[in-house]
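See structure below.
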Ligand SMILES: Cc1cc2nc3c(=O)[nH]c(=O)nc-3n(C[C@H](O)[C@H](O)[C@H](O)COP(=O)(O)OP(=O)(O)OC[C@H]3O[C@@H](n4cnc5c(N)ncnc54)[C@H](O)[C@@H]3O)c2cc1C
C-alpha cells in the first residue's frame, strides 16, 4: 500500500505523525520537508535570545532521530513541487511519490511589508530555525534593534531583545500593542510595562523605507521622521502557504479549505496547522494543532473523527508583564468590560445576555485564566 505522505515537519506535521503512531504503529509513513527536519518548538523562538539558545540547542531531535522515533521515511531539504490529485502522487526530488492519503502541514510564511530603500533586504523576520540563526547573526554586534509590528510576536521578540541587553524600538501604525487581541486599555498596560523594561515605542506610524548609512540602518517613518538602528526585525504577520494546494486545484481561501474532518476539497487530501482554514477559522497557534492532530490521526487510522476546538487562550510570552488572551470568536457580538489596577488589566468580553465570549488578562489578573476559560463557549463544538 502507498504510504501516508505528510508535507511539512513543523509542529503540525510532527504532532500528527506522533499521534498517528500511537494508533497505527505500522502504517507506512513518509514525511517530506523543505527544512532540515529537526524537531523544535517554534514558540521558543521568541524567548530564546536572552537564554542564549542557539538553533542547535533549540532542535531537540534531528531528522534521522525523528525517522527512528516515528518509524517513518523522512526526506529533509526536499520541496514538494506538485501534487497530482487524480493519480494520488506528489513530485519531490524529481521523483513521483504515490500516496494513500496526503496531509498538507506546510505552514505559513512571514508577510514582508512593502519597504522602499536600499537596505529593505536587510530587514529580517523569524518563522523557523534558519531565520532564527540569521537573526542571531544580525543582532550579534547590534546595540539598537528596531522591531516592525507591535503584535504578539513583535512584543515577544522586543521583550526578549531587551533582556538580551539590546536597545529596542517597536514601530507600528496601531495606537496600542496587540490591538487585534486586546482592548486598548489592556494594550496600554502592556505598553507601559514593556517601556519600564526598556522598550521604546513609535506607535501611530508605519515604516516606509530602510536605507543604509555607513554601518547603520535608517528607517524612514510615515510622519517624516527617521530612526537609526543597527538591525531591523519585521513581525507584521504570517500568510498561509497556499501555492502548492492552489496549483493542484485544491480549494483555498485564507487557508487551505478543510472541513471538520480536516479534509480538503479533494478527497484523500487533508491539511492542519498554520496553512489550514478549518470551517472558516485560521488559527495559527499550538493548541488548535494539538486538537487537529489528535482528530486527524484517528481519521487516518480508520476512525473518522471531527475536530473540536474548545476555548483556547493564548499566553503572550512577555516576561515584563504576563498576558493571556482568549479572543472572542469571529462574529461573537459583545462588548469589553475593562478594569485596570496597579497590578494589571482584567478585560472580559460579554454578549447582550451577559455571557462570557472572550477575555484578556494582564499582570496579576492572569490568575483568573482557568476559571474564566471554563465559562467560555467552544470555538468549534
Ligand atoms: C516566533 C513565534 C512564536 C510563537 N509563539 C507561540 C506561542 O507562544 N503559542 C502558540 O500557541 N503559538 C505560537 N506561535 C505559533 C505556532 O508556533 C505555530 O502555529 C506552529 O508552530 C505552526 O506549525 P505548522 O506545522 O503549521 O507550520 P510550520 O512550523 O511553519 O511548518 C511548516 C513545514 O512545512 C514545510 N514546507 C512548506 N512548504 C513545503 C513544500 N512545498 N514542500 C516540503 N515542505 C514544505 C516547512 O519546511 C516546514 O517544515 C508562534 C509562532 C512564532 C513564529
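In this note's numbering, the protein residues as written are 24 to 404. Glycine included, every Cβ here is placed at the ideal spot set by N, Cα and C. Remember, it's a predicted structure, so these values are computed and weren't measured experimentally.
#### Entry: Residue range of the unbroken alpha helix (DSSP H) whose run includes residue 171
The residue you call residue 171 lines up with position 148 of the chain shown. Residue 171 -> not in any alpha helix (DSSP H); beta strand (DSSP E) instead, spanning 167-171.
### Query
With distances taken from CA atoms, which of 234, 85, 401 and 362 is nearest residue 61?
Along the chain shown, one-based indexing puts residue 61 at 38. It is 85 whose Cα lies nearest to the Cα of residue 61.
### Query
When every heavy atom of ligand 1 is checked, does at least one fall within less than 7 angstroms of the C-beta of residue 117?
Within the chain shown, residue 117 is the residue found at index 94, counting from 1. Not under cutoff, so the answer is no.
### Query
Hey, out of 174, 88 and 111, whose CA is closest to residue 28's CA?
The residue labelled residue 28 in the question sits at position 5 within the chain shown. It is 111 whose Cα lies nearest to the Cα of residue 28.
### Task
Compute the Euclidean distance between the alpha carbons of residue 115 and residue 64, then round it to the nearest angstrom.
What you label residue 115 is simply residue 92 of the chain shown in a count that begins at 1. What you label residue 64 is simply residue 41 of the chain shown in a count that begins at 1. Their Cα atoms are separated by approximately 26 angstroms.
#### Entry: Contact check, residue 127 vs residue 315, beta carbons under 8 angstroms
As a first step, residue 127 is located in the chain shown; it is residue number 104 there, counting from the start. As a first step, residue 315 is located in the chain shown; it is residue number 292 there, counting from the start. Not a contact, by the Cβ cut-off of 8 angstroms.
### Task
Could you please give me the residues that DSSP links to residue 346 through a beta bridge?
The residue labelled residue 346 in the question sits at position 323 within the chain shown. Residue 346 pairs with 339 and 385.
#### Entry: Distance cut-off 7 angstroms: residue 102 Cβ against heavy atoms of ligand 1
Counting from 1 along the chain shown, the entry for residue 102 is found at position 79. At least one heavy atom of ligand 1 is nearer than 7 angstroms to the Cβ of residue 102, so yes.
#### Entry: Close Cβ partners of residue 335 (< 6 angstroms) along its chain, the five nearest in sequence each way excluded
In the chain shown, counting from the first residue as 1, residue 335 sits at position 312. Contacts found: 310.
### Query
Are the CB atoms of residue 223 and residue 248 nearer to each other than 8 angstroms?
For the purposes of this step, residue 223 is identified with residue 200 of the chain shown, where counting begins at 1. For the purposes of this step, residue 248 is identified with residue 225 of the chain shown, where counting begins at 1. Contact flag unset, no.
### Task
Enumerate in chain order the residues of its own chain whose CB-to-CB distance from residue 382 is below 6 angstroms, with the five nearest sequence positions on each side excluded.
The residue given as residue 382 occupies position 359 in the chain shown. Excluding residues within five positions, the ones whose Cβ falls inside 6 angstroms are 349, 371 and 395.
### Message
Quick check for students: name the residue ranges of the alpha helix (DSSP H) that lie wholly in the stretch 34-62, counting only runs of 4 or more.
### Response
34-46
### Message
Rounded to the nearest angstrom, what separates residue 201 and residue 143 at their Cα positions?
### Response
In the chain shown, counting from the first residue as 1, residue 201 sits at position 178. In the chain shown, counting from the first residue as 1, residue 143 sits at position 120. Taking the straight line from one Cα to the other gives about 25 angstroms.
### Task
Could you spell out the range, first to last residue, of the alpha helix (DSSP H) harbouring residue 394?
Stepping through the chain shown from its first residue, residue 394 is reached at position 371. Run containing residue 394: 392-398, per the alpha helix (DSSP H) assignment.
### Task
Determine which residues share a DSSP beta bridge with residue 332 and list them.
The residue labelled residue 332 in the question sits at position 309 within the chain shown. DSSP, once it has assigned bridges, lists 403 as partnering residue 332.
#### Entry: residue 199 CB to nearest heavy atom of ligand 1 below 7 angstroms
Numbered from 1 along the chain shown, position 176 holds the residue referred to as residue 199. Checking the Cβ of residue 199 against ligand 1 gives no.
### Task
Go through its chain and collect everything with a Cβ distance to residue 345's Cβ below 7 angstroms, but skip five positions before and after it.
Translated into the one-based positions of the chain shown, residue 345 becomes position 322. Taken in chain order, the residues that qualify are 385, 386 and 389.
### Task
Would you mind stating whether residue 152 and residue 182 have Cβ atoms separated by less than 8 angstroms?
In the chain shown, residue 152 corresponds to position 129, counting from 1. In the chain shown, residue 182 corresponds to position 159, counting from 1. The answer is no: Cβ separation not under 8 angstroms.
### Rounded separation between residue 367 and residue 355 - CA only
Here residue 367 refers to the residue found at position 344 when the chain shown is read from its first residue. Here residue 355 refers to the residue found at position 332 when the chain shown is read from its first residue. Taking the straight line from one Cα to the other gives about 25 angstroms.
### Message
For residue 357 and residue 281, what's the separation of their Cα atoms in angstroms?
### Response
As a first step, residue 357 is located in the chain shown; it is residue number 334 there, counting from the start. As a first step, residue 281 is located in the chain shown; it is residue number 258 there, counting from the start. Rounded to the nearest angstrom, the two C-alpha atoms are 28 angstroms apart.
### Message
Would you call the stretch 196-214 in contact with the stretch 171-180, where contact means no fewer than 3 C-beta pairs closer than 8 angstroms?
### Response
yes
### Query
Closest to residue 301 by CA distance: which of 272, 263 and 271 is it?
As a first step, residue 301 must be located in the chain shown, where it is residue number 278. Closest by alpha carbon: 263.
### Message
If the criterion is Cβ atoms closer than 8 angstroms, does the pair residue 343 and residue 187 meet it?
### Response
Stepping through the chain shown from its first residue, residue 343 is reached at position 320. Stepping through the chain shown from its first residue, residue 187 is reached at position 164. For residue 343 and residue 187, no; Cβs fall outside 8 angstroms.
### Task
Whole angstroms is fine: what's the gap from residue 134's alpha carbon to residue 123's?
Residue numbering aside, residue 134 sits at position 111 when the chain shown is read from its first letter. Residue numbering aside, residue 123 sits at position 100 when the chain shown is read from its first letter. C-alpha separation (whole angstroms): 33 angstroms.
### Task
Counting only the same chain and skipping the five closest in sequence on each side, list residues whose C-beta sits under 8 angstroms from that of residue 244.
Mapped onto the chain shown, residue 244 falls at position 221. So the list reads 194, 225, 228, 229, 230, 231 and 250, once near-sequence residues are dropped.
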